[in-house]
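Same order as they appear, the protein sequences are chains A and B.
Its first residue numbered 1, the first sequence is counted upward by one per residue in my numbering.
Its first residue numbered 674, the second sequence is counted upward by one per residue in my numbering.
By construction, the Cβ of each residue, glycine as well, lies at the ideal position given by its N, Cα and C atoms.
All remarks here apply to the structure that follows.
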Amino acid sequence: MDVGSQQTQGGWESFSIRTYNTILVLAATIGGMVIAMIFAWTASVAEQATSRSTNASLALSSLDHLGDRLDIILTSSDLTIASGQTYSLKWAADQLKLLQAEVSESGERDDLLASFLRPREFEAILNELGVVLDASTTLSQTGEDLIARYDGRAGAAVAHFQEVFTALSTETQERERVALTLADRGNLIRVSSVASYFALCIFLGWLGVRRVVVPIEVLTRANERYDVSELESDEINRAPEEIKSLASALKMYVNNLHLIVAERTLELDLEKQALENEVGMRRAAEQDLSEALIRAEQASESKSKFLSVTSHELRTPLNTMIIALNLLDGEQQSKQARSWLSSAVESGGHLRRLIDRILQFSGIESEVHELNPTEVNLAIFCRSLIEQVRLQFEASQSSFRATCAVEKDALATFDTGAVQQIINNFVSNATRYAPSANVTLDIKTTELSRHQHSLSISLADDGCGIAAEEVEKIFDPFYRKDGSLSRTNEGLGLGLALSKSLAELLGGTCSVETEVGSGSKFTLTFPLALRQDSGPKVEDESAEIAIAPLLEGQILLVEDSDVNQMITRHLLEKMGFDVECASSGKEALQLAAGQRFNVILMDLQMPEMDGLEATRHLKSSEGLNRATPVIALTANVGKEMRLAAEQSGMQGFVSKPVSPQVLGEEIARVLAS
Amino acid sequence: MKNIRLIMTFVMALTVQEASAVAYCAVRDPVSAIQQFFPDYTSYEAVDGAVDMSVRDLITEKLPNVHFSEFGTHTLYVVFKDSELLGYVHARTEKGDWGLDELIWALSPSLSIKDFRYQRSRSMARAWVESDAFVDQIRNLDVDGLVALLNAERDDFREPLPGMALSARDTSLNAVRSAIKTILITDHVWPIDSAE
Numbered sequence: 001m002d003v004g005s006q007q008t009q010g011g012w013e014s015f016s017i018r019t020y021n022t023i024l025v026l027a028a029t030i031g032g033m034v035i036a037m038i039f040a041w042t043a044s045v046a047e048q049a050t051s052r053s054t055n056a057s058l059a060l061s062s063l064d065h066l067g068d069r070l071d072i073i074l075t076s077s078d079l080t081i082a083s084g085q086t087y088s089l090k091w092a093a094d095q096l097k098l099l100q101a102e103v104s105e106s107g108e109r110d111d112l113l114a115s116f117l118r119p120r121e122f123e124a125i126l127n128e129l130g131v132v133l134d135a136s137t138t139l140s141q142t143g144e145d146l147i148a149r150y151d152g153r154a155g156a157a158v159a160h161f162q163e164v165f166t167a168l169s170t171e172t173q174e175r176e177r178v179a180l181t182l183a184d185r186g187n188l189i190r191v192s193s194v195a196s197y198f199a200l201c202i203f204l205g206w207l208g209v210r211r212v213v214v215p216i217e218v219l220t221r222a223n224e225r226y227d228v229s230e231l232e233s234d235e236i237n238r239a240p241e242e243i244k245s246l247a248s249a250l251k252m253y254v255n256n257l258h259l260i261v262a263e264r265t266l267e268l269d270l271e272k273q274a275l276e277n278e279v280g281m282r283r284a285a286e287q288d289l290s291e292a293l294i295r296a297e298q299a300s301e302s303k304s305k306f307l308s309v310t311s312h313e314l315r316t317p318l319n320t321m322i323i324a325l326n327l328l329d330g331e332q333q334s335k336q337a338r339s340w341l342s343s344a345v346e347s348g349g350h351l352r353r354l355i356d357r358i359l360q361f362s363g364i365e366s367e368v369h370e371l372n373p374t375e376v377n378l379a380i381f382c383r384s385l386i387e388q389v390r391l392q393f394e395a396s397q398s399s400f401r402a403t404c405a406v407e408k409d410a411l412a413t414f415d416t417g418a419v420q421q422i423i424n425n426f427v428s429n430a431t432r433y434a435p436s437a438n439v440t441l442d443i444k445t446t447e448l449s450r451h452q453h454s455l456s457i458s459l460a461d462d463g464c465g466i467a468a469e470e471v472e473k474i475f476d477p478f479y480r481k482d483g484s485l486s487r488t489n490e491g492l493g494l495g496l497a498l499s500k501s502l503a504e505l506l507g508g509t510c511s512v513e514t515e516v517g518s519g520s521k522f523t524l525t526f527p528l529a530l531r532q533d534s535g536p537k538v539e540d541e542s543a544e545i546a547i548a549p550l551l552e553g554q555i556l557l558v559e560d561s562d563v564n565q566m567i568t569r570h571l572l573e574k575m576g577f578d579v580e581c582a583s584s585g586k587e588a589l590q591l592a593a594g595q596r597f598n599v600i601l602m603d604l605q606m607p608e609m610d611g612l613e614a615t616r617h618l619k620s621s622e623g624l625n626r627a628t629p630v631i632a633l634t635a636n637v638g639k640e641m642r643l644a645a646e647q648s649g650m651q652g653f654v655s656k657p658v659s660p661q662v663l664g665e666e667i668a669r670v671l672a673s
Numbered sequence: 674m675k676n677i678r679l680i681m682t683f684v685m686a687l688t689v690q691e692a693s694a695v696a697y698c699a700v701r702d703p704v705s706a707i708q709q710f711f712p713d714y715t716s717y718e719a720v721d722g723a724v725d726m727s728v729r730d731l732i733t734e735k736l737p738n739v740h741f742s743e744f745g746t747h748t749l750y751v752v753f754k755d756s757e758l759l760g761y762v763h764a765r766t767e768k769g770d771w772g773l774d775e776l777i778w779a780l781s782p783s784l785s786i787k788d789f790r791y792q793r794s795r796s797m798a799r800a801w802v803e804s805d806a807f808v809d810q811i812r813n814l815d816v817d818g819l820v821a822l823l824n825a826e827r828d829d830f831r832e833p834l835p836g837m838a839l840s841a842r843d844t845s846l847n848a849v850r851s852a853i854k855t856i857l858i859t860d861h862v863w864p865i866d867s868a869e
C-alpha cells in the first residue's frame with residue numbers, strides 16, 4: 001500500500017493522529033478564549049447602555065422632584081394671589097430662590113439634566129417669576145397687571161419644564177430601549193458564539209470519528225473475523241498514518257494466520273477421518289453386541305418357557321402317580337410292599353416339590369407371578385408360623401427357640417403364603433446345612449411412621465456359616481453351597497433365589513449375616529400397613545375354619561383324561577360320594593339334564609366343549625342343576641384362569657395335582673355356602 | 674414628594690381660609706365672560722351668597738372628598754335678555770397640575786351645564802378639555818347626569834370618556850367634579866326664586 005497515494009486520496013482530511021490532536025487542543029483553547037472575550041465585550045456594552053439608561057432615569061427623577069417643588073410654589077402663589085394676601089408671596093419667593101439654587105446644583109451635578117434643562121435659561125425664567133413675586137409682596141393688593149405678569153412668567157416656567165420633562169422622558173425611554181436592545185443582541189451574540197463553538201466541536205468530533213474511530217472499528221472487525229478485505233476498505237485508506245501502519249501489520253499477521261489455519265485444518269481433516277472410521281467400527285461392534293444381547297434374552301426366555309412347559313407336563317402324570325400310590329397305600333399290602341410304597345410316595349412328593357419350585361421360579365422370572373394378599377390378625381399369623389417352624393425342627397436334632405414382638409390386635413394385609421414359603425426355605429436351609437444347631441426364630445415389627453410399619457422375621461443358627469466369597473452368590477438361581485458331584489444335600493438351588501424374588505414382590509428384602517464357624521442369620525423384612533382389629537377376638541387359629549366334610553351325595557365328575565377320571569372317581573367314592581363321570585362338556589350337559597347332582601367337578605381343558613362353556617350353558621339353562629355348585633379342576637392356577645372360572649359361574653377352584661384333603665375341604669365349603 | 678405637596682397645599686389653604694371671602698373663586702372680567710357665554714344678553718345681576726358648613730355638608734353628600742375651602746361670600750352672575758332669564762355665570766377654583774385651575778361655568782336656568790372655560794390653567798390637557806370634544810359630553814347634563822359619569826367613590830370616571838387621552842384624565846375629572854360642585858353650590862346658596 002502506497003502511503004503517498006493514500007495521503008493524496010485523503011485530501012484535506014489527511015493528517016496524523018498527532019496533528020488531529022494538536023488541532024483539537026488549539027480549537028478548544030482559542031475557541032474558549034474567543035468566547036470569553038465575546039462574553040466580556042457584550043457584557044461591557046450592555047453595562048454601558050444600562051448605565052446610560054439608569055442615568056437618564058435618575059435625571060428624570062430629579063427633574064420630577066424639581067417639578068414637584070415648582071408645583072408647590074405655584075400652588076401656594078396662586079392661593080395667595082387669589083385670596084389677595086400678597087404678604088404670603090414672600091414664602092413663595094423664598095422657595096423659588098431655593099429652587100433656583102437647586103436647579104443650578106442639579107445642573108452642575110448631572111450633565112444630562114443640565115443639557116436638557118438648560119439651567120441658566122430656566123433660572124432666568126424663575127428669576128423673572130421671583131422678581132414678580134417680590135414685587136407683589138410690596139403691594140397692598142393684587143393688581144390685574146401683576147397677575148398677568150405672574151401668570152406669564154409662571155406659564156413660561158411650567159411650559160419650559162414640561163418641554164424639558166417630555167424631552168428627557170423620550171431620552172430615557174430611548175436609552176432604555178437601547179439598553180434592552182443591546183442586552184438582547186449581547187445574548188444573541190453569546191448564544192451564537194457558544195453554538196458556533198459547539199458546532200466546531202461537533203465537526204472536530206465527527207472528523208475524529210470518521211478518521212480515527214471508524215478505522216479502529218474496522219481494524220477490530222477485521223481482527224475478529226481475520227478478514228483481510230476489511231483492511232483494504234476506504235475507511236482504512238482515509239485513516240491516519242498510525243492506523244494505516246497498524247492495518248499493514250495486521251494484514252501480514254492475518255495472512256500468516258490463514259496459512260497456519262490451512263495447515264492445521266488439513267491435519268484436523270485427516271484426524272477427523274480417522275476418528276469417523278473408528279466410530280464406525282465401534283458402532284458396528286455395538287450393533288453386534290445388541291444383537292447378541294437380544295439373542296441371549298431370547299434364549300433365556302426360551303429356556304424359561306421350556307422349563308415351565310416341561311414342568312407342567314411332568315406334573316400332571318406325577319399327580320396321578322402320587323394319588324395312585326396313596327390309594328394303594330390304603331389297601332391291604334404286605335410289609336415289604338408298604339415299605340416300597342412309602343418310598344415311592346416320599347420320592348414322588350419330593351419330585352413334586354422340585355417341579356413346583358421350578359414352575360414358581362419360572363413364573364416369577366417371566367413376571368407373571370402375582371401375590372395373593374389377604375387380611376390376617378398379625379399375632380395369630382406369627383403364632384401359627386412359629387408352630388409350623390417348631391414342628392419342622394422337632395423331627396431334627398436341633399434345639400429351637402422363638403421370640404415374637406408384634407402388636408396384639410393389629411390387622412395386616414399381605415400374601416401369607418409367600419411369607420410362609422420364604423420362611424420354609426430358611427428352615428429348609430437350616431435343617432440341611434446345620435442339622436444339629438441351636439436355632440432361633442425372631443419376629444418383630446418396627447414403626448416407620450404413624451401408619452407404616454415393617455415386619456422382620458429372622459432365622460438364626462450357630463452352624464458352620466457361609467464363606468464371604470459365597471455370600472454374594474447364595475441368592476443366585478441354581479446356586480448350591482456344595483456344587484460338586486459328591487455333594488451330600490439334595491435340591492435345585494432355587495430356594496433362596498425364590499425367597500429373594502418373593503421378598504421383592506412383597507416390597508421388602510432378603511438378607512443374610514454370616515461368619516464361618518459362627519453360624520448364619522437369614523432375615524426377611526417387608527413393609528406393613530397395620531390397623532386396629534375391632535372385630536371379635538380369635539383365641540385360637542384352629543377355630544378359624546370349622547369344616548364338617550359331607551361324606552354322601554351325588555357328584556358329577558367331568559374329566560377327559562381316563563386315568564385322572566378313574567383316580568379322582570375312586571378318591572371321591574372313598575370319601576363316600578356317588579360319582580357319575582363324563583368325558584366332555586357336552587356329555588356332562590346331557591347327564592345333568594336328566595339327573596340332579598349335589599356337586600359338579602369340572603375339568604377346564606376338554607375336547608369339543610371346555611369346562612367354562614359347559615358351566616355357562618348349565619347356569620343359563622332352566623334344568624335340574626342350574627343351582628348346583630360347580631368346582632373347577634385344572635393344572636392352570638393363574639389369576640386369569642381363576643377369574644374366568646368365577647365369571648362362568650363356578651363357585652369353587654381346585655388345582656391339580658389334586659390333594660384329597662384340599663378337594664374334600666373345597667366340596668364341603670361349596671355345599672355349606 | 675406627593676405627600677409634601679398635599680401637606681403644603683393644605684397648610685396654604687388653611688392660612689388663606691378666612692381671607693378668600695370675595696376674591697377667591699371670582700370672575701376677573703365678568704362682562705367678558707358673560708358676553709362669551711350669552712352673546713345676546715341685555716343685562717346681568719351680581720348676587721352675593723354665603724357658603725358655610727351646612728352647604729359643605731350638603732355638597733359632600735353628593736361629592737365626597739371634594740376640595741373645599743370656599744367658606745365666605747361668593748358672587749353669582751344672573752344673566753337676562755330683557756326680562757328673560759338666560760342663565761348663570763359662576764367661577765370655581767380647583768387644584769390643577771401646576772398650581773390652581775380657575776374655571777368659569779355657564780349654567781342654564783334649569784341648572785344644567787351650558788358651557789365653560791378656564792380662567793387659569795397650566796395643564797397640558799387644557800386645550801382638549803376646553804374643546805367641544807369634551808364640552809359636548811357634559812353639556813346639558815344636570816347633577817345626576819354628571820354624577821352618572823363617575824364611579825361610586827366619585828374619584829374616577831365610571832368608564833373612559835370617548836376620545837380622552839390618558840394624560841388628560843386628571844384634568845377632565847377635575848372639570849367634571851368642579852361642574853357638579855358648581856351646580857350644587859348654586860342650588861343651595863342662591864335659590865332660583867330669589868334670583869328671579
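Flag L773/B as yes if its beta-carbon sits less than 7 Å from any beta-carbon of chain A, otherwise no. Stepping through the second sequence from its first residue, residue 773/B is reached at position 100. Chain A contact via Cβ: present.
Proximal residues, the region 65-83 of chain A versus chain B, C-beta separation under 8 Å: Correct list: H65, D68, L70, D71, I72, L74, T75, S76, S77, D78, L79, T80, A82 and S83.
Members of the region 735-766 of chain B near chain A, C-beta cut-off 7 Å: T766
Taking R842/B as the query, report the chain A residues whose CB atoms sit under 7 Å from its CB, ordered along the chain. Working through the second sequence from its first residue, we reach residue 842/B at position 169. Result: empty, since nearest Cβ-Cβ is about 17 Å, beyond 7 Å.
Residue of L79/A, A28/A and L63/A minimising C-alpha distance to R109/A: Locating residue 109/A in the first sequence gives position 109, where the first residue counts as 1. The candidate whose alpha carbon is nearest that of R109/A is L63/A.
R175/A vs A43/A beta-carbon contact at 7 Å: Walking along the first sequence from the start, residue 175/A turns up at place 175. Walking along the first sequence from the start, residue 43/A turns up at place 43. For R175/A and A43/A, no; Cβs fall outside 7 Å.
Just confirm the distance between the C-beta atoms of I35/A and Y197/A, as a whole number of angstroms; I'd bet it's less than 8 Å. Residue 35/A sits at position 35 when you count from the first residue of the first sequence. Residue 197/A sits at position 197 when you count from the first residue of the first sequence. The Cβ separation is near 6 Å, so the contact holds.
If you reduce the DSSP assignment to three classes, tell me which class M726/B lands in. In the second sequence, counting from the first residue as 1, residue 726/B sits at position 53. Reduced to three states, the DSSP call for M726/B is helix.
Could you name the residues of chain A that R793/B contacts, counting a contact when the two beta carbons are closer than 8 Å? As a position in the second sequence, residue 793/B is number 120, starting the count at 1. Under the 8 Å cutoff, chain A gives D78 and D151.
H65/A: first and last residue of the uninterrupted alpha helix (DSSP H) it sits in: Taking the first sequence and counting its residues from 1, the one referred to as residue 65/A is at position 65. Per DSSP, H65/A belongs to the alpha helix (DSSP H) from I17 to S83.
Contact list for E144/A against chain B, beta-carbon separation under 8 Å: As a first step, residue 144/A is located in the first sequence; it is residue number 144 there, counting from the start. Near E144/A (Cβ distances below 8 Å), the residues of chain B are R701.
Less than 7 Å between the beta carbons of V563/A and A588/A, yes or no? As a working mapping, residue 563/A is identified with position 563 in the first sequence. As a working mapping, residue 588/A is identified with position 588 in the first sequence. No, these two residues do not count as a Cβ contact at 7 Å.
Name the chain A residues that come within less than 8 Å of K768/B, Cβ to Cβ? The sequence position of residue 768/B within the second sequence is 95, counting from 1. Going along chain A in sequence order, the residues near K768/B (Cβ under 8 Å) are T75.
Buried versus exposed call for S804/B [16 or more other C-beta atoms within 10 Å across all chains shown]: Residue 804/B sits at position 131 when you count from the first residue of the second sequence. Flag for S804/B reads exposed.
Proximal residues of chain A, C-beta to C-beta of M890/B below 7 Å: Here chain B has residues from 674 to 869 only, and residue 890/B is not among them.
Name the chain B residues whose beta carbon is nearer than 7 Å to that of V158/A? Against the first sequence, residue 158/A aligns to sequence position 158. Going along chain B in sequence order, the residues near V158/A (Cβ under 7 Å) are W771 and R795.
Can you name, in chain order, every residue of its own chain whose Cβ lies under 6 Å from the Cβ of S583/A, other than the five neighbours on each side? Looking up residue 583/A in the first sequence gives position 583. Exclusion of the five residues before and after S583/A leaves D560 as the residues of its chain whose Cβ lies within less than 6 Å of its Cβ.
For K574/A, the first and last residue of its enclosing alpha helix (DSSP H): Translated into positions along the first sequence, residue 574/A becomes position 574. Unbroken alpha helix (DSSP H) run through K574/A: D562 to M575.
In chain B, which residues lie with their C-beta within 8 Å of the C-beta of A59/A? Position 59 of the first sequence holds residue 59/A. Near A59/A there are no residues of chain B at all, since even the closest Cβ is about 16 Å away, more than 8 Å.
Where the beta strand (DSSP E) containing R515/A begins and where it ends: Residue numbering aside, residue 515/A sits at position 515 when the first sequence is read from its first letter. Residue identity check: residue 515/A is Glu in the sequence provided, not Arg. First-last of the beta strand (DSSP E) with E515/A: T509 to E515.
How is V751/B classed by DSSP in three states: helix, strand or coil? Mapped onto the second sequence, residue 751/B falls at position 78. V751/B: strand per DSSP, three-state reduction.
Sorted by chain position, which residues of the same chain lie with C-beta nearer than 7 Å to D476/A's C-beta, five sequence neighbours on each side aside? Taking the first sequence and counting its residues from 1, the one referred to as residue 476/A is at position 476. Excluding sequence positions up to five before and after D476/A, its CB lies within less than 7 Å of the CB of A497, all in the same chain and listed in chain order.
Along chain B, which residues have their Cβ under 9 Å away from the Cβ of A154/A? The count along the first sequence starts at 1 and reaches residue 154/A at position 154. Neighbours of A154/A on chain B, chain order: W771, G772 and R795.
Contact under 7 Å by Cβ, F116/A with V103/A: As a first step, residue 116/A is located in the first sequence; it is residue number 116 there, counting from the start. As a first step, residue 103/A is located in the first sequence; it is residue number 103 there, counting from the start. Not closer than 7 Å, so no.
In the structure shown, what three-state DSSP assignment does R211/A receive? By one-based count along the first sequence, residue 211/A stands at place 211. Here R211/A sits in helix by DSSP.
At 4 residues or longer, and completely inside the region 414-482 of chain A: list those alpha helix (DSSP H) runs for me, N to C. Annotation: the region 414-482 of chain A contains the following complete segments of the alpha helix (DSSP H) (minimum length 4 residues), in chain order: 416-433 and 468-471.
Given that a residue counts as buried once 16 or more other Cβ atoms are within 10 Å of its Cβ, and exposed if not, what is Q100/A? For the purposes of this step, residue 100/A is taken as the residue at position 100 of the first sequence. Buried: at least 16 other Cβ atoms inside 10 Å.
Backbone secondary structure at E128/A - three-state DSSP: Taking the first sequence and counting its residues from 1, one reaches residue 128/A at position 128. Here E128/A sits in helix by DSSP.
Return yes when the Cβ of T766/B is within less than 7 Å of the Cβ of E757/B, no when it is not. If you number the second sequence from 1, residue 757/B lands on position 84. If you number the second sequence from 1, residue 766/B lands on position 93. Contact flag unset, no.
Considering only the alpha carbon of each residue, which of A379/A, A467/A and L200/A lies closest to V512/A? Taking the first sequence and counting its residues from 1, the one referred to as residue 512/A is at position 512. Cα-wise, what sits closest to V512/A is A467/A.
Within a Cβ cutoff of 7 Å, which residues of the same chain sit near D269/A, ignoring the five residues on either side of it in sequence? Working through the first sequence from its first residue, we reach residue 269/A at position 269. Within the same chain, D269/A has no close Cβ partners at all.
Y253/A classed as buried or exposed, judged by whether at least 16 other C-beta atoms fall within 10 angstroms: Position 253 of the first sequence, counting from 1, holds the residue named residue 253/A. That one is exposed.
Report the three-state DSSP secondary structure of A412/A (helix, strand or coil). Here residue 412/A refers to the residue found at position 412 of the first sequence. Strand at A412/A.
Taking the C-alpha atoms as reference points, what is the distance between S76/A and L89/A? Translated into positions along the first sequence, residue 76/A becomes position 76. Translated into positions along the first sequence, residue 89/A becomes position 89. If I take the Cα positions, the gap works out to 8 Å.
Spell out whether any CB of chain B is found under 7 Å from the CB atom of S140/A. Along the first sequence, one-based indexing puts residue 140/A at 140. With a pLDDT of 49 at S140/A, under the threshold of 50, the predicted position of this residue should be treated as unreliable, though the coordinate-derived value follows. S140/A does not count as touching chain B.
Would you check if the distance between the CB atom of K768/B and the CB atom of L857/B is smaller than 7 Å? As a first step, residue 768/B is located in the second sequence; it is residue number 95 there, counting from the start. As a first step, residue 857/B is located in the second sequence; it is residue number 184 there, counting from the start. No, the pair does not count as a contact, with Cβ atoms beyond the cut-off.
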